[in-house]
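> Residue numbers (the numbering used here): 1 to 106.
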């Protein structure tokens, strides 16, 4: 898959994983696992990028004697999810265009 396309899709997946409640890295990976495989080495740069873009915020809280970072989606992050849903129709149309010849050869 094109790296830029995958990067954008993973960004949206991470935002969707924290849409309903704050979460931390390991839990985000677990929540995404049924849908998409993502490693810690991939997730944490995404989280930093999303924080830099103000699509999420980070707070630290103690858990079992250790500090854990919790991620919270911002209004801008919620808007990015809504924008993605609107863009999805265009993505589906592009897919249908690309695969139209496959259907005629079957």
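Every residue gets a Cβ at the ideal spot worked out from N, C-alpha and C, and that includes glycine. The model shown is predicted, which means the values in this text are computed figures rather than measured ones.
For residue 56, tell me which candidate among 22, 64, 49 and 73 has the shortest Cα-Cα distance.
Locating residue 56 in the chain shown gives position 56, where the first residue counts as 1. That would be 73, whose Cα lies nearest to the Cα of residue 56.
> Since residue 73 is in the alpha helix (DSSP H), which residue starts that stretch and which ends it?
As a position in the chain shown, residue 73 is number 73, starting the count at 1. For residue 73, there is no enclosing alpha helix (DSSP H); the residue is part of the beta strand (DSSP E) that begins and ends at 66-73.
> On the DSSP letters alone, give me the boundaries of the alpha helix (DSSP H) that residue 47 sits inside.
Residue mapping note: residue 47 aligns to position 47 of the chain shown, counting from 1. Residue 47 -> alpha helix (DSSP H) spans 40-52.
> Report the rounded CA-to-CA distance for residue 96 versus residue 88, giving the unit in angstroms.
To locate residue 96, count along the chain shown from 1; it is residue 96. To locate residue 88, count along the chain shown from 1; it is residue 88. For residue 96 and residue 88, the distance between alpha carbons rounds to 12 Å.
> May I have the straight-line CA-CA distance separating residue 47 from residue 101, to the nearest angstrom?
Counting from 1 along the chain shown, the entry for residue 47 is found at position 47. Counting from 1 along the chain shown, the entry for residue 101 is found at position 101. When rounded, the distance between both Cα atoms is 39 Å.
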